[in-house]
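The opening position of the sequence shown corresponds to residue 14 in my numbering, with each subsequent residue numbered one higher.
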Amino acid sequence: MNRKKIFIITIILFIMPVNTLFCNELEYQKTKMSFKNFIECELTRTNAENYYFKGKIHKIDIINMHDIRNEGNIKIITGAAKCFEIISQKSQTLFVTIGIKKILENEKVLYFLAKKENAPVFLIELAENPYNERCLWTQYWINTN
């Protein structure tokens with residue numbers, strides 16, 4: 014009887030952390046993919062070149078997610094997009110910050126800020142930049158479960 018209890022406890026202790034790690038990795042990959050898709054959509058949408066690139070034609074080379082942190086009930090995600098201006102043949106990096114809130118089990122972008130300088134952005138500054146939903150956060154995420 015004691016061996017059976019020890020065996021069951023051992024199984025539980027080994028399976029639970031693996032399951033938790035898998036869930037955390039899945040959530041991270043979902044956030045990373047949503048971030049990349051959102052930034053690509055936002056930087057290539059109609060009139061984006063006028064807003065971010067002063068009318069110059071560009072292409073996106075790399076999008077990287079740097080950090081995820083929570084401030085209250087807002088998830089703040091920071092990253093960068095390296096873009097290439099076709100005519101001037103110059104690279105430009107935009108540092109982006111997104112504020113996301115979960116509403117009825119769906120994540121929605123509430124705040125968006127893109128800057129040319131890399132400086133920390135806090136919720137107070139981010140709140141001054143509400144996002145009018147042009148690109149959906151989870152538009153391209155496919156749930157494989």
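All C-beta atoms, glycine included, are put in the ideal place defined by N, C-alpha and C. Here the structure is a predicted model, which means the values were calculated and not measured.
- In the structure shown, Phe135 falls within a coil segment according to DSSP collapsed to helix, strand and coil.
- Comparing alpha-carbon positions, the option among Asp74, Lys45, Tyr41 and Asn15 lying closest to Leu56 turns out to be Asp74.
- Nearest in C-alpha terms to Ala140, of all of Lys88, Ser104, Lys95 and Trp150, is Lys88.
- Comparing alpha-carbon positions, the option among Val134, Asp80, Glu130 and Arg16 lying closest to Thr106 turns out to be Glu130.
- The beta carbon of Glu138 sits closer than 8 Å to the beta carbons of Leu126 from its chain, once the five residues preceding and following it are set aside; these are given in chain order.
- Proximity to Asn86 across Ile113, Ile99, Asp80 and Ile70 peaks at Ile113, based on C-alpha coordinates.
- Ile99: not part of any beta strand (DSSP E); DSSP gives it neither H nor E.
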